[in-house]
Amino acid sequence: MSQTLLNIKNLYVNYETDEETVRALNGVNLKLNKGEMLGLVGETGAGKTTTALSILKLLPKDIGIITNGQIEFDGKDLTKLKEAELRNIRGERISMIFQDPMTSLNPVLTVGEQIAEVIELHKTLDKKQIESKVNEMLELVGIPAKRKKEFPHQFSGGMKQRVIIAMALSCDPELLIADEPTTALDVTIQAQVLNMMEELKHKLNTAMLLITHDLGVVAQICDKVAIMYAGEIIESGTAEDIFEAKEHHPYTVGLFGSIPNLIEKTNRLKPILGLMPDPTDLPQGCKFHPRCPQCMEICRKVHPDDRQTETHTIKCHLYK
Amino acid sequence: MYKYIIKRLMMLIPVILGISFIVFSIISLTPGDPARIILGNHASEEAVENLRQELGLNEPFIKRYISYVGSSIKGDFGSSYRTGKPVFEDIFGKFPLTLKLALFSMLLATALGIPIGIISAVKRYSIIDGASMIFALLMTSMPSFWIGLMLILIFSIKLDIFPVTGVENIKGYVLPTITLASFSMAIITRMTRSTMLEVIRQDYVRTARAKGASTKRIIFKHCIRNALIPVVTVIGINFGILLGGTVITETVFALPGLGTLLVSAIRMKDMPIVMGAVIFLAIAFSIINLLVDLIYAVIDPRVKAQYSR
Ligand SMILES: Nc1ncnc2c1ncn2[C@@H]1O[C@H](COP(=O)(O)OP(=O)(O)OP(=O)(O)O)[C@@H](O)[C@H]1O
Ligand SMILES: [Mg+2]
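Residue numbers (this note's numbering), protein chains in the order written: chain A, 1 to 320; chain B, 1001 to 1309.
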């Protein structure tokens, strides 16, 4: 019934600098259907942004390198497309909301010009139509259209984020990648933005990859959830699978323990002991084993495979 | 904006007072008697004393400075000790040549330096990049008199394309302009390359790529304006330096410009000329700086916002 829109298979990405090789993604598998909203969660440094940038082939030039794997979008492997073909996809069929609103807008162009650019690049509209589309997009994200003549430095962080959102939505993309779209926003605006994205999903059947630290947001709006650790998806499934099933990856359990549970009024955050492994020097076997409370002998030596039950996938030796 | 310009022009007054005082003290307090230099070693002590009296050199230093400032406010900058001609007649006679040389060489340096810098950055580590960086390194490390002499040797003496000296026609400007431009061009090229490389790595460039913009569009629309902001400063400073610092090139090509005038005036302790020329250059330099800042405001909206205050 549902069609696969994005299918990331066994993706490996390295950042190769002069001093070291950072193994940022180590065999990521991720599937997203049309019109679905997938939440991608994980600690800082897990490789969430790297995954997002790989999809659009926007990894830093000469440093971020896809060493293996495929990224199928609507049946085509994006890793094999030429730059010119990618340009027709970027901004039109797949668009991205970047993590850092403060630096993601060009300081010397007006906000209106920057929104207009993406429309100009992909739609055959005349100047007037483009202008009215820009106005429409700004109003949509709650910014008065007359402020389009202003420059980014005249906007607050939250407003800049909304401009970036307006930009990303203006060509009605099939896939929207949102890298922590609400981190820079205050709570009320956060709710507005999320509502807006949900509306979009229903109206245009846009699929979304929502990257976030906020499990509350995930529970609220995502159909599916994928949990990332050290460049791998260690658990994924529907929202029910993640929030209600009995069996979980020990990391997921730790992650859920680390958000304050409002209902049970446990006030104390329970952070997972230890740190993420150094991506330049990853441990053997399961990458989580040094921090795992249920670590077994096999975990130190053998890398676990995925265990799939219907929609729920766990990468752990506990489950066979 | 106008308020800002007026404010900046007002700031010229203390700057010029300061500069004139420093220069006046240096000339007055260093050994050497202008009257003796003018009349030569064989003149009688009495004649020298008379001339000193006439030029007001026997007055105390501070009194002389105050009276100099007083008369220059009225527009009288005195006359050359040597030629007796009013100072500004001399300066305005020599300045056009220097200005032309400075202007031509800045135009040349900018017109070549910026595009080469941009290409080098965009095609980083390519042959073009390597070649232009080696060229830039050579240009900054070769002294300009040597470049001038080599150019004369090749293009005037061997090939006989350009004249050795003189600026009777436009051909005469070619070699001096190249000589003067070489250093600035190298600096501008390197500056453009490095700021461009910096800009290319910025997040907003990634945003533009995510929109589906082509590399060409990204460079022209998103990068160049941002990269030029620091380059404009360098161009302004170099232009200012060229206005006062064409001496060596003027000497090599035997051109009578402001630089030559200033140097010979210093040697002769020709106080009115030295003061006039220095004040003139200080004003020119400040105006260039002001222009640079105004260009900033055109390029960078953040700066513009500051100026309207
Ligand atoms: N340009 C780069 N050069 C070298 N290493 C990089 C670069 N960008 C990211 N990394 C490394 O790759 C790993 C994954 O980074 P990534 O930005 O994908 O994390 P993330 O999950 O998005 O984290 P956050 O939640 O903090 O945004 C990290 O270890 C990071 O240090
Ligand atoms: Mg990130």
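Virtual Cβ for every residue (Gly too), placed ideally from N, Cα, C.
C-alpha distance - residue i paired with residue j, whole-angstrom precision
{"i": "B:K1003", "j": "B:A1305", "result": "13 Å"}
{"i": "A:I164", "j": "A:G157", "result": "11 Å"}
{"i": "A:S132", "j": "A:I119", "result": "11 Å"}
{"i": "A:G69", "j": "A:L78", "result": "11 Å"}
{"i": "A:P279", "j": "A:A230", "result": "7 Å"}
{"i": "B:I1295", "j": "A:L176", "result": "39 Å"}
{"i": "A:P107", "j": "B:S1028", "result": "51 Å"}
{"i": "A:L109", "j": "A:L255", "result": "41 Å"}
{"i": "B:I1273", "j": "B:I1288", "result": "22 Å"}
{"i": "A:L105", "j": "B:L1180", "result": "40 Å"}
{"i": "B:M1275", "j": "B:R1267", "result": "13 Å"}
{"i": "B:E1045", "j": "B:S1079", "result": "23 Å"}
{"i": "B:V1232", "j": "B:M1001", "result": "19 Å"}
{"i": "B:F1285", "j": "B:I1170", "result": "26 Å"}
{"i": "B:K1007", "j": "B:D1293", "result": "13 Å"}
When the options are compared against residue i, the one with the closest alpha-carbon
{"i": "A:Q154", "options": "B:G1259, B:S1067, B:P1301", "result": "B:P1301"}
{"i": "A:A168", "options": "A:Q294, A:Q99, A:M228, A:V302", "result": "A:Q99"}
{"i": "B:L1108", "options": "B:I1248, B:V1164, B:V1303, B:S1182", "result": "B:S1182"}
{"i": "A:L204", "options": "A:A116, A:R93, A:D186, A:H303", "result": "A:R93"}
{"i": "A:E113", "options": "A:D241, A:G257, A:H312, A:K146", "result": "A:K146"}
{"i": "B:I1248", "options": "B:F1145, B:A1227, B:R1193, B:A1208", "result": "B:F1145"}
{"i": "B:G1172", "options": "B:Y1125, B:A1121, B:I1134, B:E1250", "result": "B:E1250"}
{"i": "B:L1175", "options": "B:I1147, B:R1209, B:E1049", "result": "B:I1147"}
{"i": "B:H1222", "options": "B:P1230, B:G1212, B:A1208, B:K1007", "result": "B:A1208"}
{"i": "A:R300", "options": "A:T309, A:H317, A:T313, A:T311", "result": "A:H317"}
{"i": "B:S1025", "options": "B:T1189, B:Y1068, B:E1046, B:I1134", "result": "B:Y1068"}
{"i": "A:S2", "options": "A:V41, A:D18, A:N33, A:E139", "result": "A:N33"}
{"i": "A:E19", "options": "A:L121, A:K287, A:I63", "result": "A:I63"}
{"i": "B:L1151", "options": "B:T1165, B:T1140, B:S1141", "result": "B:T1165"}
{"i": "B:T1030", "options": "B:F1162, B:N1050, B:K1269", "result": "B:K1269"}
{"i": "A:Q308", "options": "A:G237, A:N10, A:M296, A:K287", "result": "A:G237"}
{"i": "B:G1244", "options": "B:A1213, B:I1283, B:K1158", "result": "B:I1283"}
{"i": "A:I227", "options": "A:T4, A:L11, A:G42, A:V13", "result": "A:G42"}
{"i": "B:V1252", "options": "B:S1286, B:V1278, B:L1149", "result": "B:L1149"}
{"i": "B:M1011", "options": "B:Y1307, B:L1290, B:A1297, B:V1303", "result": "B:L1290"}
Which of helix, strand or coil DSSP assigns to residue i
{"i": "A:K128", "result": "helix"}
{"i": "A:Q294", "result": "coil"}
{"i": "B:D1293", "result": "helix"}
{"i": "A:Y229", "result": "strand"}
{"i": "A:L262", "result": "Low local confidence applies: a pLDDT of 44 at A:L262 is under 50, so the model's placement there is unreliable, with the coordinate-based value given in what follows. Of the three classes helix, strand and coil, the one that applies to A:L262 here is coil, per DSSP."}
{"i": "A:L102", "result": "It should be pointed out that residue 102 of chain A corresponds to Met in this sequence rather than to Leu. A:M102: coil per DSSP, three-state reduction."}
{"i": "A:S95", "result": "strand"}
{"i": "A:L81", "result": "coil"}
{"i": "B:I1019", "result": "helix"}
{"i": "B:M1001", "result": "coil"}
{"i": "A:K224", "result": "strand"}
{"i": "A:K315", "result": "strand"}
{"i": "A:G69", "result": "strand"}
{"i": "A:T212", "result": "strand"}
{"i": "A:V176", "result": "Note on identity: in this sequence residue 176 of chain A is Leu, with Val being the wrong assignment. Looking at A:L176 - three-state DSSP - the assignment turns out to be strand."}
{"i": "A:T49", "result": "helix"}
{"i": "B:S1286", "result": "helix"}
{"i": "A:I234", "result": "strand"}
{"i": "B:R1082", "result": "coil"}
{"i": "A:K76", "result": "strand"}
{"i": "B:A1043", "result": "coil"}
{"i": "A:A207", "result": "strand"}
Extent of the continuous alpha helix (DSSP H) run through residue i
{"i": "B:S1072", "result": "1061-1073"}
{"i": "B:V1122", "result": "1087-1122"}
{"i": "A:H122", "result": "111-122"}
{"i": "B:L1149", "result": "1144-1151"}
{"i": "A:F243", "result": "239-244"}
{"i": "B:M1191", "result": "1171-1200"}
{"i": "A:Y15", "result": "That residue, A:Y15, is in no alpha helix (DSSP H); its beta strand (DSSP E) goes 4-16."}
{"i": "A:V41", "result": "Per DSSP, A:V41 belongs to no alpha helix (DSSP H); it is in the beta strand (DSSP E), 37-41."}
Contact belief for residue i with residue j at Cβ below 8 Å, rounded distance in angstroms
{"i": "B:R1225", "j": "B:I1299", "result": "6 Å"}
{"i": "A:A166", "j": "A:M137", "result": "4 Å"}
{"i": "B:K1211", "j": "A:E16", "result": "B:K1211 to A:E16, Cβ: 27 Å. No contact."}
{"i": "A:I234", "j": "A:F288", "result": "7 Å"}
Range covered by the beta strand (DSSP E) that runs through residue i
{"i": "B:D1129", "result": "Counting along the chain, B:D1129 falls outside any beta strand (DSSP E), though it belongs to the alpha helix (DSSP H) covering 1127-1141."}
{"i": "A:V108", "result": "First-last for A:V108: undefined, no H or E at that position."}
{"i": "A:L194", "result": "Element bounds for A:L194: not the beta strand (DSSP E) but the alpha helix (DSSP H), 187-204."}
{"i": "A:K333", "result": "Outside the displayed span of chain A (1 to 320) sits residue 333 of chain A, for which this structure offers no information."}
{"i": "A:Q308", "result": "306-309"}
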